[in-house]
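Participant: The structure that follows is given in the form of structure tokens.
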Amino acid sequence: MIDITKTEVNVLVELQKAETETVLIESYLNGVEKEKSLLEEKLGDFQTALDKLKSDFGLTNKACIDADLEMKLNDARIEKSSDNLKKVNSKDYAALLREIDNNKKRRDTLESLYLKNLEEKETQEKVIMEQEQLYLQLTQQIRSQQEDIDRKSQADRERLEEHRLQRRQIAETLNPHILSRFNEISQASGGLAVVEVRDEVCRGCFMNIPPQLYIEIRRCTSLIQCPHCNKILYHIEVLSQ
Ligand SMILES: [Zn+2]
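Using this note's numbering, read the sequence shown as starting at 39 and increasing by one per residue.
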């Protein structure tokens, strides 16, 4: 049982007011930060999609280069085989002709592959340029939205600092045992540690307070917690007496 005076209960009520304001502004500012990071995520997603386009473009470009290179090698083979035609006997001649024919077919395949990739590359290049332009616009738009959010929440950040300072100053004047009880309950309950009892009902959990406990709250000589929600209880009329 912790002894308490009316003055200390009054301080607790003031501490709770500062705590409530602090928690409310903190929660609002957390929402603001979340909004900012959602915008950042949107930008990140766009960047990822753009990177994918560039990587696809790289693959198409590589396919173009490979097809072109193989075409050149193939041309050299055809040229060499054609030269050899003059030097060989009739049996090898037929084999060489077949080889030349096969290489020419391969060349046609490579050429259409090359042209297909070239066309695709040009399309991809165009899309990338458009998307880069959009990415720039989106970046500017998002940066400006984020700055706007920062500007609008600046006053709230300042208010938060004031309430935090006020909370610290009030806490310093309180008996450490009472303060530590307050802090425990506040941490466990999201910032609400001290609540009023009105008409024998706890305003924290809206449950009835047993008559004997109610008398003790009105007596205001020891720190009383709600048997249901554990919050510190006070009676407003007692404090104003
Ligand atoms: Zn309660």
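Heads up, the beta-carbon is just placed ideally off N, CA and C, and yes, glycines get one too. No experiment lies behind these values; they were computed from the predicted model shown.
Residues with a Cβ closer than 7 angstroms to any heavy atom of ligand 1, in chain order?
Facilitator: After applying the 7 angstroms Cβ criterion, the set is VAL233, CYS240, GLY242, CYS243, MET245, CYS264, HIS266, CYS267 and LYS269.
Participant: Below 8 angstroms CB to CB, which residues in the same chain sit around ILE116 once its five sequence neighbours on both sides are set aside?
Facilitator: On the sequence shown, position 78 is the one that residue 116 refers to. ILE138, ASN141, LYS142 and ARG145.
Participant: Would you kindly check if the distance between the Cβ of ALA231 and the Cβ of GLN54 is under 8 angstroms?
Facilitator: Along the sequence shown, one-based indexing puts residue 54 at 16. Along the sequence shown, one-based indexing puts residue 231 at 193. Yes, these two residues count as a Cβ contact at 8 angstroms.
Participant: Could you give the residue range of the alpha helix (DSSP H) that holds LEU261?
Facilitator: In the sequence shown, the residue the question calls residue 261 occupies position 223. First-last for LEU261: undefined, no H or E at that position.
Participant: Report yes or no: do three or more beta-carbon pairs, one from the stretch 259-279 and one from the stretch 237-246, lie closer than 8 angstroms?
Facilitator: Contact holds: three or more Cβ-Cβ distances are below 8 angstroms.
Participant: Which same chain residues, not among the five before or five after THR60, have their C-beta less than 7 angstroms away from its C-beta?
Facilitator: As a first step, residue 60 is located in the sequence shown; it is residue number 22 there, counting from the start. Answer for THR60: LEU198, HIS201, ARG202 and ARG205, listed in chain order.
Participant: Residue range of the beta strand (DSSP E) that ARG206 falls in?
Facilitator: Counting from one through the sequence shown, the residue named residue 206 turns up at place 168. Where ARG206 is concerned, there is no enclosing beta strand (DSSP E), although the alpha helix (DSSP H) it sits in stretches over 128-210.
Participant: Here's the rule I'm using: 16 or more other beta-carbon atoms within 10 Å means buried, otherwise exposed. How should LEU123 be labelled?
Facilitator: Along the sequence shown, read from residue 1 onward, the residue named residue 123 stands at position 85. When all chains shown are included, LEU123 counts as exposed.
Participant: In the DSSP assignment, find the beta strand (DSSP E) that holds ARG236 and state where it starts and stops.
Facilitator: On the sequence shown, position 198 is the one that residue 236 refers to. Unbroken beta strand (DSSP E) run through ARG236: 232-236.
Participant: Along the chain, where does the alpha helix (DSSP H) that runs through ILE103 open and close?
Facilitator: Residue 103 sits at position 65 when you count from the first residue of the sequence shown. It spans 44-123 - the alpha helix (DSSP H) in which ILE103 sits, taken as one unbroken run.
Participant: Looking only at DSSP bridge pairs, what is ASN246 linked to?
Facilitator: Working through the sequence shown from its first residue, we reach residue 246 at position 208. Note: ASN246 sits in a beta bridge opposite VAL239.
Participant: Is GLN250 buried or exposed, if buried means 16 or more other CB atoms sit within 10 Å of its CB?
Facilitator: Indexing the sequence shown from 1 puts residue 250 at position 212. So GLN250 ends up on the exposed side.
Participant: Under a three-way DSSP split, which group does ILE223 fall into?
Facilitator: Numbered from 1 along the sequence shown, position 185 holds the residue referred to as residue 223. Three-state result, ILE223: helix.
Participant: Contact between the stretch 148-164 and the stretch 78-86 is defined here as three or more beta-carbon pairs at a separation below 8 angstroms; is this criterion met?
Facilitator: They do not touch, by the three-pair rule.
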